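A.B. asks: Per my numbering, the very first residue in the sequence shown carries number 2; after that it's consecutive.
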Amino acid sequence: MAKTPRNSPPTPPPRRNHPGAASHARPPTAGTAKSPPSAAQARPPVSALAAPSVPMVPMSTFSSFAQSTSPGVRAMSRILLIDLAERELQARSRLKARADQLQAIDNTRDVSGGLSADQQAELKALRDALDADQPVDIFYKTVASQVARRTWDDLVHGKDPEYVLKYGLFGSQQTTIPADLGVNEREIASVCGLLELDNIVDPTNSRFVRSVAEAQGEYRQNYDLFNAAYALAKERSVVTLQSQIDSGRLSPSIIGCITPDASIAERVAAEAKQIPGADERVQAVSAKTVAQVVRRLVDDGVTANDTWLTSRLDAAFNLLTGSIEGAPPSALEIDLPDLEASVDIDIVKENLNAVQAIYFSYQLEEMRLYQVVERIVDLFRQGLLPLGRGRVGDYLYRYYQKAGERMTESERRDLYFRCFGAPGGNPQAGEPNRDFNELWLRFLSAVSSFARQLTVDRLLRSTVPMAVSQEQVRKAGRDLGANLSRNGYGIAYNAAIEMQQSILDFKTVLTDPDLRNVFGARDMWQVIDLVNANYLGGPRNTHRFRTQSRNGAIVIRWIANHVEALSNVSGPVLQVDQIVNPQMYRVDPDHKPTVDPTDWDLVNACEQWLAVGGVQDQNIEQYAQPIEAPITSSRPIGMPQFARDALDQAGISLPA
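(1) Return the residue from the list N352, R523, P277 that minimises the CA-CA distance to T512.
(2) Between which two residues does the alpha helix (DSSP H) containing I704 stretch?
(3) Taking DSSP as the reference, what is the three-state secondary structure of A67?
(4) Would you say the segment 588-607 touches the segment 493-506, given that touching needs at least three Cβ pairs under 8 Å?
(5) Bridge partners for R282 per DSSP, in chain order?
(6) Counting beta carbon pairs with one atom in the segment 108-116 and one in the segment 274-289, are three or more of them shorter than 8 Å?
(7) May I ask which residues mark the beginning and end of the beta strand (DSSP E) holding R79?
(8) Is the beta carbon of V393 less than 9 Å from the beta carbon of L516?
(9) Given A430, which residues of its chain have a CB within under 8 Å of its CB, disregarding the five upstream and five downstream residues?
(10) Would you mind reading off the limits of the alpha helix (DSSP H) that contains P514?
(11) Just verifying my parser: in three-state terms, what is the DSSP assignment at K593?
(12) When burial is assigned at 16 or more other CB atoms within 10 Å of the CB, is A226 buried or exposed?
(13) Quick one, which of R369, L440, N535, C607 has its alpha-carbon nearest F451's?
(14) Rounded to whole angstroms, what is the Cα-Cα separation between F66 and D138?
(15) Leaving out the 5 sequence neighbours to the left and right, which residues in its chain are closer than 6 Å to Q650 when beta-carbon positions are compared?
(16) Below 8 Å on the Cβ atoms is my guess for V373 versus N533; work out the distance and round it to an integer in Å.
(17) Give the secondary structure of K97 by DSSP, where H, G and I count as helix, E and B as strand, and everything else as coil.
(18) Applying the 10 Å Cβ sphere with the 16-neighbour rule, what's the burial state of N200?
(19) If you drop the 5 nearest sequence neighbours on each side, which residues of the same chain put their C-beta closer than 7 Å to that of S146?
(20) Sort out for me which residues DSSP pairs T260 with in a bridge.
(21) Indicate the three-state DSSP secondary structure (helix, strand or coil) for L233 in the structure shown.
(22) Between which two residues does the alpha helix (DSSP H) harbouring I189 extend?
(23) Pull up the CB-CB distance for G422 and F444, whole angstroms please, since I reckon it's below 8 Å.
(24) Leaving out the 5 sequence neighbours to the left and right, which residues in its chain are closer than 8 Å to L103 when beta-carbon positions are compared?
(25) Could you pull the DSSP bridge partners for L170 from this structure?
(26) Excluding five sequence neighbours on each side, which residues of the same chain lie with their C-beta closer than 6 Å to the C-beta of G425?
(27) Do three or more CB pairs link the segment 226-240 to the segment 305-314 at distances below 8 Å?
(28) If distances are taken between C-alpha atoms only, which option among V378, G389, Y371 comes closest to T409?
(29) Of the choices A612, T260, I178, whose alpha-carbon is the least far from that of H544?
(30) With a CB to CB cut of under 6 Å and the five nearest residues on each side skipped, what residues in its chain are close to A86?
(31) Chain B beta carbons: is any one of them nearer than 9 Å to that of V295?
(32) Going by alpha carbons, who is nearest to V574 out of V474, R376, A355, A180?
(33) According to DSSP, simplified to helix, strand and coil, what is N306?
(34) Within 10 angstroms of its Cβ, does P433 collect 16 or more other Cβ (buried), or is it exposed?
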């Protein structure tokens, strides 16, 4: 019996209730083979691509199928190309960021001068693109144009919308009753997956068009394997649209992109039923994962006629899902690993969040806030406060009753001693953070000096390199972040939660009108001053400590939120435009600098902290200069027992 050529297997018969045999017709391929291809033959050279183009299947095929499906037949789930949808979401985010920047310039035209004619046209084009469902991802648009051999404008305005991907949904998936992917759609998805796998996603690359042709050849040569892989991938990936939106991989604008199919702004306000809905179940297939699986099988010599094909596909999915392997050696570039990529091990964000609250509490402790409340409770217990029944009395009584459940002043001082090296702690309770003060001043001085130079350089020294660079700010921030993170382990987070709640309760009580009237004070700060002066040995500089508490908390939270930027070996740490022209950036009225500080908030916090702390300008310039990073471990390390024994013999005792 004559062997069937490798590249010309018999066409599978059309399925019942399916959009015709044409949607599954095997595309013609270049050349024939009498035996399964080897791993090296699976990826043909460009010269092997001189094959007839794939016949274009009109969308009317899918429409007629959707209209003729009997009511008793259950409609299949839509197929969502989740990796292409994620790329589209990222592309739209970049366009929105640019549109927001231009809009901010236009809103501050009195200061910034407004938009030029070109910028106005750019802003209008960005708004139109963001309000439409047409894809904006240049990678997908270029691949679709190359596969179809037509310009993108021709594809967008053509009669068949199969090439116009809407948030990962091809044209066949944009009908009321979706069908399977068509020939052209599956080829485009596979080519995109192969290019993503080889990390060839920049259409401006001189190799891009050639790589598209090579990917087409690889897909056509392994057509049956791709079909089998897509069939299995669909079964393994049934999810709801809302789950993908919540995971940050899918744009919420996909809701209603089929019905009512209006602009995004119009359908958001529409009350009619929207298709697809958030709870609709789809088959979220990753073209990149499918390409990865097929390439692994081809490298192992597996063909579409393999008896155990289903088992091999399933094993390949289990092996490769979530990994990036199988790229050909010729497609790889020399790319050394980034040794700083795991810097979050050195700087733990949760530790910094805890230290932020502890620092806030430490500055208020220096103001004697805790002691003031304790003294007020003593006066209340002795009957020396003219307070009757009410909220303040209830709180003061509960505070007195639960005294044994709270951290004492000595315990708080021990924590400040360990986190910041603050005086007053017990040396036997833990190792003090001796490097904090210097690292703190160096980071604040570096940020302050960098921000001051921006204005000076623009006016007088535009051709002179700045004395403090972004890299010096990065180093100072990283050193400080690593230091605080190391000292934020253990009880720090639990103590921070208690301190935060105590401060919130103190603020509520001290601002209560009944208590303020007792002391004849206008606000809580006057209450603190009066109690300090009359009962605690003299007033404290409340303005300084409350300013340093708030601004210090902003600085620490900024470091926690910018761990990745501080860990990078390149790129800006501070956005210059945000510092020089802060009015260009719109800020939410509910914006809290202590939770999500901007670069402008950081600069202001550093300047105010240094000002109330009385740090001289010459000292700021001196602290801004870099020094060798201190030796800091990423986590506390206990001293070996033999070293402790040696120190004990020398008469030096250490905390347990």
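Just so you know, even glycine gets a beta-carbon here, dropped at the ideal spot from N, CA and C.
Since the model is a prediction, treat every value here as computed from it, not as a measurement.
C.D. replies: With the structure as the only source:
(1) For the purposes of this step, residue 512 is taken as residue 511 along the sequence shown, with counting starting at 1. Of N352, R523, P277, the residue nearest in Cα terms is R523.
(2) What is shown of the chain runs 2 to 657, which leaves residue 704 out entirely.
(3) Position 66 of the sequence shown holds residue 67. Note that A67 scores a pLDDT of 37, beneath 50, so its modelled location is shaky; the value from the coordinates is reported in the next line. Helix.
(4) no
(5) By 1-based counting over the sequence shown, the position of residue 282 is 281. Paired residues: T241.
(6) no
(7) Locating residue 79 in the sequence shown gives position 78, where the first residue counts as 1. Its beta strand (DSSP E) spans residues 79-82.
(8) As a working mapping, residue 393 is identified with position 392 in the sequence shown. As a working mapping, residue 516 is identified with position 515 in the sequence shown. For V393 and L516, yes; Cβs fall inside 9 Å.
(9) Position 429 of the sequence shown, counted from the start, is the residue given in the question as residue 430. D415, F418, R419, P656, listed in sequence order.
(10) Locating residue 514 in the sequence shown gives position 513, where the first residue counts as 1. Taken as a continuous stretch (DSSP letters only), the alpha helix (DSSP H) holding P514 covers 514-520.
(11) For the purposes of this step, residue 593 is taken as residue 592 along the sequence shown, with counting starting at 1. K593 falls in the coil class under three-state DSSP.
(12) Here residue 226 is taken as the residue at index 225 of the sequence shown, counted from 1. It is Leu, not Ala, that sits at residue 226 in the sequence shown. Buried, because 16 or more other Cβ atoms sit within 10 Å of the Cβ of L226.
(13) Against the sequence shown, residue 451 aligns to sequence position 450. The residue with the shortest Cα to Cα distance from F451 is C607.
(14) Here residue 66 refers to the residue found at position 65 of the sequence shown. Here residue 138 refers to the residue found at position 137 of the sequence shown. Low per-residue confidence applies at F66: pLDDT is 35, beneath 50, and the placement is therefore not dependable enough to give any value.
(15) Your numbering for residue 650 matches position 649 in the sequence shown. There are no such residues.
(16) Within the sequence shown, residue 373 is the residue found at index 372, counting from 1. Within the sequence shown, residue 533 is the residue found at index 532, counting from 1. Rounded, the Cβ-Cβ distance is 7 Å, consistent with contact.
(17) The residue labelled residue 97 in the question sits at position 96 within the sequence shown. Correct three-state label for K97: helix.
(18) Mapped onto the sequence shown, residue 200 falls at position 199. N200 is exposed by the Cβ-count criterion.
(19) Start at 1 with the first residue of the sequence shown, and residue 146 comes out as number 145. Closer than 7 Å at the Cβ level, and outside the excluded window around S146, lie T152, W153, L156.
(20) Residue numbering aside, residue 260 sits at position 259 when the sequence shown is read from its first letter. The partner list for T260 (beta bridge, DSSP) reads I276.
(21) Taking the sequence shown and counting its residues from 1, the one referred to as residue 233 is at position 232. Helix at L233.
(22) Position 188 of the sequence shown, counted from the first residue, corresponds to residue 189. Element bounds for I189: 184-198.
(23) Position 421 of the sequence shown, counted from the start, is the residue given in the question as residue 422. Position 443 of the sequence shown, counted from the start, is the residue given in the question as residue 444. With a Cβ gap of about 16 Å, G422 and F444 do not count as contacting.
(24) Here the question's residue 103 lines up with position 102 in the sequence shown. Once the five neighbours on either side are set aside, the close Cβ partners of L103 are L116, Q120, E123, L124, L127.
(25) Taking the sequence shown and counting its residues from 1, the one referred to as residue 170 is at position 169. According to DSSP, L170 bridges with K167.
(26) Locating residue 425 in the sequence shown gives position 424, counting from the first residue. Closer than 6 Å at Cβ, skipping near neighbours: R414.
(27) yes
(28) Counting from 1 along the sequence shown, the entry for residue 409 is found at position 408. Measuring from the Cα of T409, the nearest candidate turns out to be Y371.
(29) Taking the sequence shown and counting its residues from 1, one reaches residue 544 at position 543. Among A612, T260, I178, the Cα nearest to that of H544 belongs to A612.
(30) Taking the first residue of the sequence shown as 1, we reach residue 86 at position 85. Only Y168, G169, L251 meet the Cβ criterion.
(31) Going by chain labels, chain B is absent from the structure shown, which holds only one protein chain.
(32) In the sequence shown, counting from the first residue as 1, residue 574 sits at position 573. If we check each option's Cα against that of V574, V474 comes out closest.
(33) By one-based count along the sequence shown, residue 306 stands at place 305. Looking at N306 - three-state DSSP - the assignment turns out to be coil, as it is neither helix nor strand.
(34) Taking the first residue of the sequence shown as position 1, residue 433 is located at position 432. When all chains shown are included, P433 counts as buried.
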